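**Q** Numbering (the numbering used here), first residue to last: 61 to 381.
We put the CB at the ideal spot given by N, CA and C, even for glycine.
A quick note: this is a predicted structure, and the numbers were derived from the prediction, not measured.
Sharing a structure, written as structure tokens. Questions coming.
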């Protein structure tokens, strides 16, 4: 059974719905420890003062914000505590909107909300009411001393909560140097592009996609841990080429039509790892979890309450902290 990471309530008008929060997705990145190449021992990161040339203890460290070259404003723990938002145990719904009004770039991380004791009936009421109205709830919450704007939407038998980026955290497309090329193609090229989109259009099936790099890396690690000597394959260089847009569209449409029947078989083909390691490396040193530590192992998804749930956007990189 999955373990909740937060308990509280959804404030819906005068109704409070007790809920528990669970992670909805977790990354499976492979982490590495840093080792000394000559003897395989772990590298330690120590607190070191460059000015005095010595190690310091945690009690000697304060937080500072850089305001200029080698200029910092020190902020004390008491000052941070005074500014911290009041810790609440509730998600306060502010308004209801259409999901399509939220640009997917705003979605940060996803969580399941499940009813806690005594909350099954109002939980189901809110979920069904939003489903029938075609709306999602927009609200606020405080989690671990950080404020969040959240969107709550129905997904099967469950509610999914998305934390959202604040507007000043989202990069505007106007900041990109995108040339205006709308007049650079003709109607025939547009028709061919739309035909290609139609030929490649299918219902979303996430099971068709796998992290092939991760599979190859795990295979490499297992082989080296078993004592196998692995030789790196030389990287293949692909020369850049100038492509005739119309010819490329026509060839792509033909390939899409021809390959549609073969796609399922190709998606299930086993992936064998390339050999990207040097034979001179220690064969029995296996990588272990460590590395970024950004996404710790989380409980399994709530399969018993959710069923299949569609995502409005890919899971973002930053989690609620």
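Looking only at its own chain, which residues have a Cβ that is under 8 Å from the Cβ of residue 178, when we skip the five neighbours before and after it?
**A** 78
**Q** For residue 72, count neighbouring C-beta atoms within 10 Å of its own C-beta (all shown protein chains included) and say buried if the count is 16 or more, exposed if not.
**A** Buried: at least 16 other Cβ atoms inside 10 Å.
**Q** Could you name each continuous alpha helix (DSSP H) segment of 4 residues or more that falls completely within the region 241-296, going from the start of the chain to the end?
**A** 247-260, 272-285
**Q** In the DSSP assignment, find the beta strand (DSSP E) that holds residue 191 and state where it starts and stops.
**A** Run containing residue 191: none in the beta strand (DSSP E); it sits in the alpha helix (DSSP H), 180-193.
**Q** Among residues of its own chain, excluding the 5 on either side of residue 126, which ones have a beta-carbon nearer than 7 Å to its beta-carbon?
**A** 132
**Q** Over the uninterrupted alpha helix (DSSP H) stretch that includes residue 211, give me the two end residues.
**A** Not the alpha helix (DSSP H): residue 211 falls in the beta strand (DSSP E), residues 206-215.
**Q** Would DSSP call residue 225 helix, strand or coil?
**A** coil
**Q** Rounded C-beta distance between residue 64 and residue 80? I'm assuming under 8 Å.
**A** 4 Å
**Q** Let's test the definition: count the other Cβ atoms within 10 Å of the Cβ of residue 230 and tell me whether it reaches 16, buried, or not, exposed.
**A** exposed
**Q** Kindly indicate which residue of 280, 288, 310, 297 has the alpha-carbon position closest to the one of residue 90.
**A** 280
**Q** Between which residues of its own chain and residue 259 is the CB-CB distance below 7 Å, once the five residues before and five after are set aside?
**A** 313, 316, 317
**Q** Could you tell me if residue 168 is buried or exposed, where buried requires 16 or more neighbouring beta carbons within 10 angstroms of its beta carbon?
**A** buried
**Q** Please name the residue, chosen from 234, 208, 74, 216, that lies closest to residue 223 on a Cα-to-Cα basis.
**A** 208
**Q** How close, in whole Å, do the beta carbons of residue 159 and residue 210 come, if the pair is a contact with beta carbons under 8 Å?
**A** In fact, because the Cβ distance is near 13 Å, the residues do not count as touching under 8 Å.
**Q** With distances taken from CA atoms, which of 288, 185, 300, 138 is nearest residue 75?
**A** 185
**Q** Are residue 174 and residue 215 touching if we call contact CB-CB under 8 Å?
**A** No, they are not a contact pair.
**Q** Can you give the beta carbon distance from residue 92 to residue 62, rounded, assuming they're within the 8 Å contact cut?
**A** A Cβ-Cβ separation of about 28 Å leaves residue 92 out of contact with residue 62 under the 8 Å criterion.
**Q** Going by C-alpha to C-alpha distance, which of 254, 245, 203 sits closest to residue 149?
**A** 203
**Q** Quick one: is residue 221 buried, meaning 16 or more other Cβ sit within 10 Å of its Cβ, or exposed?
**A** buried
**Q** Quick check on residue 61: does DSSP put it in helix, strand or coil?
**A** coil
**Q** Using the beta-carbon count (16 or more within 10 Å), is residue 213 buried or exposed?
**A** buried
**Q** Which residues in the same chain as residue 248 place their Cβ atom closer than 6 Å to its Cβ, once the five residues preceding and following it in sequence are excluded?
**A** none
**Q** If I follow the unbroken beta strand (DSSP E) through residue 151, where does it start and stop?
**A** 150-157
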